[in-house]
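> Submitted below is the structure of interest, expressed as structure tokens.
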Amino acid sequence: MARVAVVQIPGVNCEYETTRALEAVGLTARIVRWNEPASVWSEFDAYVIPGGFAFQDRIRAGAIAAKLPAVDRIAAEAESGKPVLGICNGAQVLVEAGLVPGFKHGRVEMALAPNSAPRRAGYLCRWIWVQASPGPGSSWYASSVKPGEVIPMPIAHGEGRFLTADPTVRERIQREGLVLYRYVSPSGGRADHYPDDPNGAMLEAAGITNRTGNILAFMPHPERASWLRQVPLEMKSAWGEKRRAAVGHWKALEGPGPGRLLFDSLARKLGAGAPSEVRS
Amino acid sequence: MVVPERVADRVLEMYNTTYALPEVYQGAGAAVVGRVRTDERYRILKSGQPVCDSPVEVITAGIEHKRSERPRPAAAEGSPLPAVQDHAEFFLRMVASPNLASREPIIRYYDTEVQGRMVIRAGEADASVLAPVPGAKLGAAITVDGNPWWVAADPYWGTAHVVCEVLRNLVCVGAEPVALTDCLNFGNPEDPEVFGDFVRSVRGLGDAARALGREGVAGPPVAVVSGNVSFYNEGSSGRSIEPSPIVAGLGILDDWSLATTSAIKRAGSVLVLSGPRQDRLGASQMRYQLAKRTDGPLPELDFERERRRIYAALEAVRSGLALACHDIAEGGLAITALEMALGGYESQGLGLQIPISGLGDTPSESRLYSEAPGFLFEVAKERLTDFLGLFERWGVDATMIGRTLAEPTFRILDGGHPLVDLDLESLQRLHGDALKSLVE
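Chains as they are written, first to last, in the numbering used here: chain A, 1 to 280; chain B, 1001 to 1440.
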């Protein structure tokens, strides 16, 4: 059975629920500490760096964790095509390590800058909407997502704005279809204003992959949307209706939520079990 | 941390090697610094020489310090409140008050989703609900309340009202109140009036907690499991803050899947009020808006009646008889009803209509804005008889006062005339934005 390492870096705080979300799609997940013997990393088929505040976000979110030997090891394993998923703070680590977009080996080509929205700054926690926009040759990280499907998920970050100072990097990201997940309006339209666009990221990016598509830096929290119970009761949309209809039905509420689509895509890639039918 | 000596090395290894704390943060790490003694002495040594050698009970007995206290002089009777001339205009002023506006702009700066355990978030209902144990039905509800104006107007009853609000908030989501904790923030205790506030506030808290357990004063109290006292809270001018006991409550749900929010759920339901409106508007938001005063007589509170009301509400929510439940506190019935119509963050496009002529003979201002304790429920029409029967069994009042509408309209009538008739979309903007300009 495919084995996934959930990387425990000092200061991350989402490792337990991320592990449960991976197990819910039939994967075997283990929390692996950043300082375990170097040989441990090759035992795994995939790696997830969960959210939190690695090393207290000192210098910049993800900057110190990106320099860990463990991240070098994971990067080396990723060269053979093994999946690496960074969620929120994990996404910041992958970008700071130069793994996403990764045009030039080991070079930091992008940043996750402080959120920017009109008249609002700082940390933001709320549910937003994303849509996968795979192009030819795009990553399999959206293989369980239907074309055009609008997926609600929570974000919780202060620095979630994908940004690059280099126009050619931005142009290549766009041209090569590396923005796999975008923020959209609830109906799937362009996120051209706050809060549909929660942080001012370039290209409305919520998740960007490397060129081979096996590394995804994803700012929303799919593990916080992996069970129907987690969907806000008031949410408009079919997911909200499903959530409301399930009040009083514990089993239904313990069923899949929209964020599970991302983990399903990973399980599918790793050939684990039969992906659950995640639909609103 | 105190650990058996035989596992001390293992504990040190966990901290210092497994989780490598000394490498992660300067000065972090674990070391053995002392041993438990059996001779009831507390000793501190430096280079083998005692710096402290004291009987333990000298330290644990606590220090008694006598402070003088006295009640505040009663505020002079103010002139009677002016009547509200234009009810719609006044209602809009209340809605736009930062004290009554949506807390969303603040809540968004905090992680409501941490550990993925949420069932109901802050702002969606009177209390948050978590599923703390993966795979289990057990739910935990948490709420935090305080109202410095109530406490300043009457430290004993104001604090008791705060405790009641905590318990009402817990039962609104279907949680049985089990524990309280507090943070008691006051000014300089050397001022006899500040300390007088403190003494009365603590008594009010204790008496309410004793009286409001499920079985009342005869049974176990709602336990106050911990607390914190903070004195000397003063502004730069030396003026003490308003007495601010903040009380948090924990409630337990046997099955978190039954937890419900305060938002109205469907058109054609009836609205039921429990808790008579009183013509006592002291320290109310309305009094402040009308006369810029925050003193005056608080609503009367009868612990025994309040207890029955709270546990009747709990039964109504748990049995599914209440589709939605919201407690009445700051802003009174009018603001409570508005919050139910707006929901937490996203209105469902439903409205409501309340004729207030049936609510006793107090002035319409009191009927709308009295902060007397109570609940407003949404009840399915076909369950109304059962609902009223439940409250009758608990020996506490419940009156049908309005209904929900299929259109997003907020309407309050008196004698057939609309006092307030506004569309909820603009009310949502007003209510949602009033705090934004202050925090963003």
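Cβ atoms here follow ideal geometry from the backbone N, Cα and C, with glycine treated the same way.
For Ile1412(B), which three-state DSSP category applies?
As a first step, residue 1412(B) must be located in the second sequence, where it is residue number 412. Note: Ile1412(B) maps to strand in three-state DSSP.
> Using a Cβ cut-off of 9 Å (strictly closer), state whether Glu1315(B) contacts chain A.
The residue given as residue 1315(B) occupies position 315 in the second sequence. No, because no Cβ of chain A sits closer than 9 Å to the Cβ of Glu1315(B).
> Which residues of chain A have a Cβ atom closer than 7 Å to the Cβ of Pro1134(B), listed in chain order?
As a position in the second sequence, residue 1134(B) is number 134, starting the count at 1. Near Pro1134(B) (Cβ distances below 7 Å), the residues of chain A are Arg20.
> Taking only beta carbons into account, state which residues of the stretch 117 to 128 of chain A come closer than 9 Å to chain B, listed in chain order.
Within the stretch 117 to 128 of chain A, the qualifying residues are Arg119, Arg120, Ala121, Gly122, Tyr123, Leu124, Cys125, Arg126 and Trp127.
> With three or more beta-carbon pairs closer than 8 Å as the criterion, would you say the stretch 75 to 83 of chain A touches the stretch 187 to 194 of chain A?
Touching, no.
> Cβ of Ala1406(B) within 9 Å of Cβ of Gly1351(B)?
Within the second sequence, residue 1406(B) is the residue found at index 406, counting from 1. Within the second sequence, residue 1351(B) is the residue found at index 351, counting from 1. Yes. Within cutoff.
> Note the first and the last residue of the continuous beta strand (DSSP E) segment covering His1326(B).
Looking up residue 1326(B) in the second sequence gives position 326. His1326(B) -> beta strand (DSSP E) spans Ala1324 to Ile1328.
> For chain A, is any of its Cβ atoms less than 9 Å away from the one on Glu1306(B)?
Here residue 1306(B) refers to the residue found at position 306 of the second sequence. Not an interface residue.
> Who are the Cβ neighbours of Trp1394(B) in its own chain at under 8 Å, not counting the five residues just before and after it?
In the second sequence, counting from the first residue as 1, residue 1394(B) sits at position 394. Within the same chain, Trp1394(B) has close Cβ partners Arg1308, Arg1309, Tyr1311, Ala1312 and Glu1315.
> Have a look at Ala1380(B) and Ser1240(B) and give me their C-alpha separation to the nearest angstrom.
Looking up residue 1380(B) in the second sequence gives position 380. Looking up residue 1240(B) in the second sequence gives position 240. Between Ala1380(B) and Ser1240(B), the C-alpha separation is close to 49 Å.
> Chain A partners of Val1119(B), CB-CB under 7 Å?
Residue 1119(B) sits at position 119 when you count from the first residue of the second sequence. Neighbours of Val1119(B) on chain A, chain order: Arg229.
> Going straight from the alpha carbon of Ala165(A) to that of Asp264(A), what length do you get?
Counted from its first residue, the first sequence places residue 165(A) at position 165. Counted from its first residue, the first sequence places residue 264(A) at position 264. Rounded to whole angstroms, Ala165(A) to Asp264(A) spans 34 Å at the Cα level.
> Using beta-carbon positions only, say whether Arg224(A) and Gly1135(B) come within less than 9 Å of one another.
Mapped onto the first sequence, residue 224(A) falls at position 224. Mapped onto the second sequence, residue 1135(B) falls at position 135. No; because the gap between Cβ atoms is not below 9 Å, this pair is not in contact.
> Which residues mark the beginning and the end of the beta strand (DSSP E) in which Trp127(A) is found?
As a working note, residue 127(A) is residue 127 in the first sequence. Element bounds for Trp127(A): Leu124 to Ala132.
> Can you list, in chain order, the residues of its chain whose CB lies under 6 Å from that of Val1133(B), leaving out five sequence neighbours each side?
Residue mapping note: residue 1133(B) aligns to position 133 of the second sequence, counting from 1. Nothing meets the Cβ criterion.
> Please go through the same chain and pick out, in chain order, the residues whose beta-carbon is closer than 6 Å to the beta-carbon of Gly1034(B), but skip the five residues on each side of it.
Within the second sequence, residue 1034(B) is the residue found at index 34, counting from 1. Contacts found: none.
> May I ask you to list the residues that DSSP assigns as paired with Pro152(A)?
Residue mapping note: residue 152(A) aligns to position 152 of the first sequence, counting from 1. The partner list for Pro152(A) (beta bridge, DSSP) reads Trp129(A).
> With the cut-off set at 9 Å, would you say Ile49(A) and Phe55(A) are in Cβ contact?
In the first sequence, residue 49(A) corresponds to position 49, counting from 1. In the first sequence, residue 55(A) corresponds to position 55, counting from 1. In this structure, Phe55(A) does not lie closer than 9 Å to Ile49(A) by Cβ.
> Check for me: the alpha helix (DSSP H) holding Val1439(B) runs from which residue to which?
Counting from 1 along the second sequence, the entry for residue 1439(B) is found at position 439. That run of the alpha helix (DSSP H) goes Lys1436 to Val1439.
> Going by the DSSP bridge assignment, what does Met1400(B) pair with across the sheet?
By one-based count along the second sequence, residue 1400(B) stands at place 400. According to DSSP, Met1400(B) bridges with Val1272(B).
> Quick one, are the C-beta atoms of Ser1262(B) and Glu1339(B) less than 9 Å apart?
In the second sequence, the residue the question calls residue 1262(B) occupies position 262. In the second sequence, the residue the question calls residue 1339(B) occupies position 339. Yes, they are a contact pair.
> Where does Gln230(A) fall in DSSP's three states?
Residue numbering aside, residue 230(A) sits at position 230 when the first sequence is read from its first letter. Helix, per DSSP.
> Ser1426(B): buried (16+ other C-beta within 10 angstroms of its C-beta) or exposed?
The residue given as residue 1426(B) occupies position 426 in the second sequence. Exposed, because fewer than 16 other Cβ atoms sit within 10 Å of the Cβ of Ser1426(B).
> Classify Gln1049(B): buried if its beta carbon has 16 or more other beta carbons within 10 angstroms, exposed otherwise.
For the purposes of this step, residue 1049(B) is taken as residue 49 along the second sequence, with counting starting at 1. Classification for Gln1049(B): exposed.
> When you check each C-beta in the stretch 232 to 250 of chain A against every C-beta of chain B, which residues fall closer than 9 Å?
If the cut-off is 9 Å between Cβ atoms, the stretch 232 to 250 of chain A has Pro232, Leu233, Glu234, Met235, Lys236, Gly240, Arg244, Ala246, Val247, Gly248, His249 and Trp250 near chain B.
> In chain order, what residues of the same chain have a beta carbon less than 6 Å from the beta carbon of Asn13(A), not counting five sequence neighbours either side?
Here residue 13(A) corresponds to residue number 13 of the first sequence, with the count starting at 1. Only Gly52 meet the Cβ criterion.
> Establish whether the CB of Leu1258(B) and some CB of chain A are separated by less than 9 Å.
For the purposes of this step, residue 1258(B) is identified with residue 258 of the second sequence, where counting begins at 1. At least one chain A Cβ lies under 9 Å of Leu1258(B).
> Could you name the residues of the stretch 1239 to 1257 of chain B whose beta carbon sits closer than 7 Å to any beta carbon of chain A, in the order they occur along the chain?
Answer in chain order: Asp1255 and Ser1257.
> Along chain B, which residues have their Cβ under 8 Å away from the Cβ of His193(A)?
As a first step, residue 193(A) is located in the first sequence; it is residue number 193 there, counting from the start. Here the premise fails: no neighbours, minimum Cβ distance about 15 Å.
> By Cβ distance below 7 Å, which residues in the same chain neighbour Glu1104(B) in space, the five residues on each side in sequence not counted?
As a first step, residue 1104(B) must be located in the second sequence, where it is residue number 104. Only Gly1123, Tyr1345 and Gly1432 meet the Cβ criterion.
> Alpha carbon to alpha carbon, how far is Glu204(A) from Ala132(A)? Give it in angstroms, no decimals.
Looking up residue 132(A) in the first sequence gives position 132. Looking up residue 204(A) in the first sequence gives position 204. The alpha-carbon atoms of Ala132(A) and Glu204(A) are separated by roughly 12 Å.
> In the DSSP assignment, the alpha helix (DSSP H) including Thr19(A) goes from what residue to what residue?
On the first sequence, residue 19(A) is found 19 positions in, with the first residue counted as 1. Segment Glu15 to Glu23, the alpha helix (DSSP H) holding Thr19(A).
> Against chain B, with Cβ distances strictly below 9 Å, would Tyr16(A) count as a contact?
In the first sequence, residue 16(A) corresponds to position 16, counting from 1. Yes - at least one Cβ of chain B is within 9 Å of the one on Tyr16(A).
> Run through DSSP, which three-state label would Met1(A) get?
Reading the first sequence from its first residue, position 1 is the one you call residue 1(A). Residue state, collapsed to three classes: coil.
> Does DSSP classify Asn1185(B) as helix, strand or coil?
Walking along the second sequence from the start, residue 1185(B) turns up at place 185. DSSP places Asn1185(B) in strand when its eight states are reduced to three.
> Reducing DSSP to helix, strand and coil, say where Tyr141(A) ends up.
One-based indexing of the first sequence puts residue 141(A) at position 141. Helix.
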